[in-house]
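These notes are about the structure you will find just below.
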Amino acid sequence: MKLWNQFSKSLALVAVIGAMGMTSIASAHEADCPYCKLKLVQNTKELDNEVVVKVGNKRIEYRCLYCVIKDQKRYKGDLVVYSPSEKVGAPVILKRTGGKWSAPEGAVFLNTFKKHKDCAALSRAFTNKAAFDSYIKKNPSEGAKALTLDQFLAEVAKN
Amino acid sequence: MRNTLLLFVALTSVTMAVAQDHGGHQPTRSGTLPTMPSDLPRWISSPGADHLFYKAAPYNWAIERIPPFAQDMYGTGVGHAMAYEALVTGRKAQLETKVFETIDRVLQKPPRIPVDEAALSPTFVRKYGYLEKVFDWAHILHFQTIDVLTHPGWSDAQKEAEIERLWSFYSAQPYAITGLPMNMEYLDSFPFSGRFRSNYPKVNGLFWGYHWLQTVNYDMLFRVPVQDQAAQYSVLGSQYRTTELYRMRDFMPMTAEMSPRFSKRFPMIANAFDNLHMLHDNVNDILAAEELTEKQRQEQVKIAIYRVLSSTHKGHEPGSGEDVPGSLHDHRHPTSTPGMGFMKGMEDDVMYMSGMGWMDMSVCAHCSIPLPDGPMWGATVTADGWTMLVRCLMCARDMAAETPGRAIIRAATEDPSRILVLISDEEGILTSNIPGVVFLEEFGEHPECSAWSRAFTSKSAFDQFVRENPDLAQSKPLSLDAWAQINRGTPDTYRKIDRPNPYRPEPTTGGSR
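As given, the protein sequences belong to chains B and X, one line each in that order. Residue 104 is where the first sequence starts when you use my numbering, and the numbers rise one by one after that. Residue 55 is where the second sequence starts when you use my numbering, and the numbers rise one by one after that.
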């Protein structure tokens with residue numbers, strides 16, 4: 104009976120929430136990127152944006168791949184990074200094992216943002232060069248160059 | 055003659071608002087100064103020292119059982135004293151540089167014993183001694199409530215009874231601040247409001263940083279066995295020194311935000327602390343307001359004290375004030391949170407919290423299902439500077455796992471006298487205060503999660519619970535390690551409230567790399 108009352112209360116709450124003009128189901132809590140402190144960019148039907156770092160028992164979301172690499176020193180253990188790619192639901196999976204980074208063969212990276220408000224769109228991973236070219240055609244970015252993982256890491260380290 | 059006429063016109067053009075505003079207006083930043091009330095207590099104009107001291111008790115100075123915490127708390131006495139002295143001795147220009155550096159240095163290397171604030175701010179105390187009486191008396195309440203909670207050898211019931219007595223002891227004096235919830239938007243709506251935080255954001259950040267410490271500690275201590283308190287301070291103390299002192303907040307930390315469980319049990323104390331901290335903010339703003347004369351400053355400080363005094367609100371009740379919203383006697387509070395006055399933009403239980411965005415305090419912060427009633431109060435998660443109530447351990451674990459940094463989970467077990475305290479490191483590896491803790495997690499519908507996600511102090515307690523609940527007959531006990539590795543992500547019942555920040559409507563675009 105008590106559980107049913109709670110359930111009824113929940114249904115009522117959902118109705119109230121709807122009436123108050125709140126958003127529908129969200130995939131993550133109100134959160135800022137741990138590195139750049141800007142709001143996380145949610146996935147859309149056309150494009151994934153959430154970069155997820157799995158470390159130990161934590162699963163932390165970042166705004167872009169650059170932010171992950173910049174913030175990596177806070178973690179001592181091995182990392183698995185689910186980086187959104189050109190394909191929804193198919194992230195490029197990067198790993199830092201024993202301090203050494205690896206990426207799937209053929210993966211390339213974009214890193215051309217000037218301000219962090221653009222980082223989610225312009226610091227990304229792609230499964231291959233053709234996907235990178237196609238993305239840049241739709242989202243032109245000055246100086247865009249397909250980087251290997253090592254080049255990407257070096258580029259991030261420079262900034 | 056001409057000058058006299060001009061002065062007369064100038065004075066009459068300044069429409070004075072009355073401190074005891076019963077007009078029922080919604081608070082906005084007023085352009086008029088509040089005027090002196092007719093019933094200002096006489097002691098405010100008395101030069102007498104009237105120094106009050108601790109209630110004699112065996113628990114006094116028990117805070118010393120957690121030395122880093124005690125020292126950080128002693129350090130909090132320094133900040134306002136140094137800033138006030140700078141403000142009244144013509145050193146405003148140094149506040150964000152030299153004064154900030156000095157206060158910061160003291161907070162980072164706090165004193166080992168309590169500091170006599172009057173020794174640090176002699177000029178200020180000569181001018182505003184009446185204010186120090188109010189501050190000192192409330193600070194003693196702060197320290198003694200902490201002393202009770204850190205005192206070994208007493209049961210939770212004994213401690214809570216003593217805190218009730220402390221509240222009576224405190225409230226009996228004329229300098230006591232009201233325990234009624236007050237409308238924070240109203241208290242921050244005067245012509246000088248916000249001046250200090252706008253002009254001196256770094257120093258204000260330190261102030262609000264240690265107000266965070268002064269409010270977050272209560273849930274660290276409340277109903278937590280004394281042997282399990284200090285370990286939590288390694289997380290909170292580090293958060294305080296590295297992050298909270300330098301965080302740019304939208305509004306001061308509220309006690310019920312930082313210690314929701316303590317605030318539910320002692321709403322009058324939570325309200326008194328919030329009203330005290332708002333009095334600090336009012337005084338900061340008055341002293342920072344260049345356009346005020348010394349006489350006006352003295353008056354406005356007295357009026358600010360009057361607004362929050364217990365004597366001013368005699369006869370009023372918590373929850374009253376619907377007929378006078380946004381005024382002195384607006385004592386409404388969120389339905390679920392009697393220990394908090396109304397905040398800017400608040401709609402009943404829905405409020406904007408710095409670091410969390412819009413939250414509904416009546417529901418689980420992780421799954422958005424209403425919080426359960428009764429003694430099995432679910433859990434709290436403290437991480438990244440906030441503390442949130444959640445329905446069950448699963449919600450607590452998964453919420454901590456998706457939050458960067460160290461975290462503290464406090465949760466009920468089958469034994470009301472044994473609270474589970476889990477401390478997570480940076481990578482989510484948990485340590486427990488109960489060595490043989492066993493978990494139940496028989497995943498089902500979220501509206502029922504508090505029934506199937508629980509912690510037990512032993513395997514035998516788990517077995518007994520399963521025996522009493524045949525639906526769970528197939529459940530297997532989970533060890534801490536096994537349970538900690540589960541992650542069920544964000545529940546599909548979770549609803550984010552998407553509204554603009556009422557304090558800072560313009561979105562930030564972020565800096566460069």
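Don't be surprised by glycine CBs; every beta carbon is placed ideally from N, CA and C. Keep in mind the model is a prediction, meaning the values are calculated, not measured.
Residue i: CB within 7 Å of a non-hydrogen atom of the ligand PLP
i: SER100 of chain X; result: Absent from the structure shown: the ligand PLP. Ligands present: none.
Residues that residue i contacts on chain B, provided the C-beta gap is smaller than 7 Å
i: PRO458 of chain X; result: PRO137, ILE163
Environment of residue i [buried if 16+ CB atoms lie within 10 Å]
i: ARG96 of chain X; result: exposed
i: ILE128 of chain B; result: Residue confidence for ILE128 of chain B is low, a pLDDT of 31 falling below 50, so the modelled location carries little weight; the figure read from the coordinates is stated next. ILE128 of chain B should be labelled exposed.
i: GLN528 of chain X; result: exposed
i: ILE200 of chain X; result: buried
i: GLN198 of chain X; result: buried
i: VAL404 of chain X; result: buried
i: ALA455 of chain X; result: buried
i: GLN354 of chain X; result: buried
i: GLN162 of chain X; result: exposed
i: ARG180 of chain X; result: exposed
i: MET302 of chain X; result: exposed
i: HIS205 of chain X; result: buried
i: LYS356 of chain X; result: buried
i: ARG277 of chain X; result: buried
i: GLN109 of chain B; result: Annotation note: pLDDT 44 at GLN109 of chain B (below 50); position unreliable, coordinate value reported separately. Buried: at least 16 other Cβ atoms inside 10 Å.
i: HIS334 of chain X; result: buried
Nearest residue (CA-CA) to residue i, options the options
i: VAL184 of chain B; options: B:THR147, B:CYS222, B:ARG227, B:ASN214; result: B:ARG227
i: CYS139 of chain B; options: B:GLY246, B:SER244, B:HIS219; result: B:HIS219
i: PHE246 of chain X; options: X:GLY373, X:ASN338, X:LYS256, X:TYR182; result: X:ASN338
i: ALA450 of chain X; options: X:ARG460, X:GLY432, X:ASP438; result: X:GLY432
i: TYR240 of chain X; options: X:GLN268, X:VAL153, X:VAL362, X:PRO122; result: X:VAL362
i: LEU182 of chain B; options: B:ILE163, B:CYS167, B:VAL158, B:SER205; result: B:VAL158
i: VAL202 of chain X; options: X:PHE223, X:HIS193, X:TRP115; result: X:TRP115
i: LYS198 of chain B; options: B:GLU208, B:GLU189, B:SER237; result: B:GLU208
i: PRO307 of chain X; options: X:LYS318, X:ALA324, X:ARG295; result: X:ALA324
i: PRO379 of chain X; options: X:GLY291, X:PRO235, X:ASN258; result: X:PRO235
i: LEU484 of chain X; options: X:GLY490, X:ILE473, X:ILE462; result: X:ILE462
i: ALA515 of chain X; options: X:ARG315, X:LEU494, X:THR547; result: X:LEU494
i: ARG119 of chain X; options: X:ALA226, X:THR269, X:ALA284, X:GLY233; result: X:ALA284
i: GLY202 of chain B; options: B:LYS142, B:ASP236, B:ASN262, B:LEU256; result: B:LEU256
i: ARG553 of chain X; options: X:TRP412, X:GLY490, X:HIS134, X:SER416; result: X:TRP412
i: ALA466 of chain X; options: X:SER507, X:MET394, X:ASP170, X:GLU481; result: X:SER507
i: ARG155 of chain X; options: X:GLN212, X:GLY291, X:LEU299; result: Checking the displayed sequence, the identity of residue 155 of chain X turns out to be Glu instead of Arg. For the residues X:GLN212, X:GLY291, X:LEU299, the minimum Cα distance to GLU155 of chain X belongs to X:LEU299.
i: ALA342 of chain X; options: X:GLN125, X:TYR138, X:ASP126; result: X:TYR138
Which of helix, strand or coil DSSP assigns to residue i
i: TRP40 of chain X; result: In the structure displayed, chain X extends from 55 to 567; residue 40 of chain X sits before or after that span and is not available.
i: ASP190 of chain X; result: helix
i: GLY144 of chain X; result: coil
i: ASP221 of chain B; result: helix
i: VAL195 of chain B; result: strand
i: LEU65 of chain X; result: Reliability of the predicted coordinates at LEU65 of chain X is poor, the pLDDT of 36 falling under 50, and the value obtained from them is presented with this limitation in mind. Note: LEU65 of chain X maps to helix in three-state DSSP.
i: PRO168 of chain X; result: coil
i: LYS203 of chain B; result: strand
i: GLU214 of chain X; result: helix
i: LYS179 of chain B; result: coil
i: GLN80 of chain X; result: Confidence in GLN80 of chain X is poor, its pLDDT being 47 and thus under 50, which makes the residue's placement too unreliable to answer from.
i: GLU153 of chain B; result: coil
i: LEU203 of chain X; result: helix
i: ASP377 of chain X; result: coil
i: PHE493 of chain X; result: strand
i: ASP282 of chain X; result: helix
i: ASP438 of chain X; result: coil
i: LYS140 of chain B; result: coil
Amino acids of chain X, ordered along the chain, whose beta-carbon sits closer than 7 Å to that of residue i
i: TYR185 of chain B; result: Correct list: empty, because the minimum Cβ distance to chain X is about 13 Å.
i: GLY180 of chain B; result: GLU481
Listed by chain order, chain B residues near residue i by CB distance under 8 Å
i: ASN541 of chain X; result: ASN160, ARG162
i: ALA538 of chain X; result: ASN160
Check: What are the residues of the segment 218–231 of chain B that lie near chain X, defined by any Cβ-Cβ distance shorter than 7 Å?
Finding: LYS218, HIS219, LYS220
Note to self: Under 8 Å, CB to CB, which of the residues in the segment 167–179 of chain B have a partner in chain X?
What the structure shows: TYR169, ARG177, TYR178, LYS179
Next item on the list: Residues of the segment 120–144 of chain X with a CB closer than 9 Å to any CB of chain B: list them in chain order, please.
Entry: none
Check: Which residues, in chain order, does the segment 449–474 of chain X contribute to contact with chain B at a C-beta distance below 7 Å?
Finding: Here the close residues are ALA455, GLU456, PRO458.
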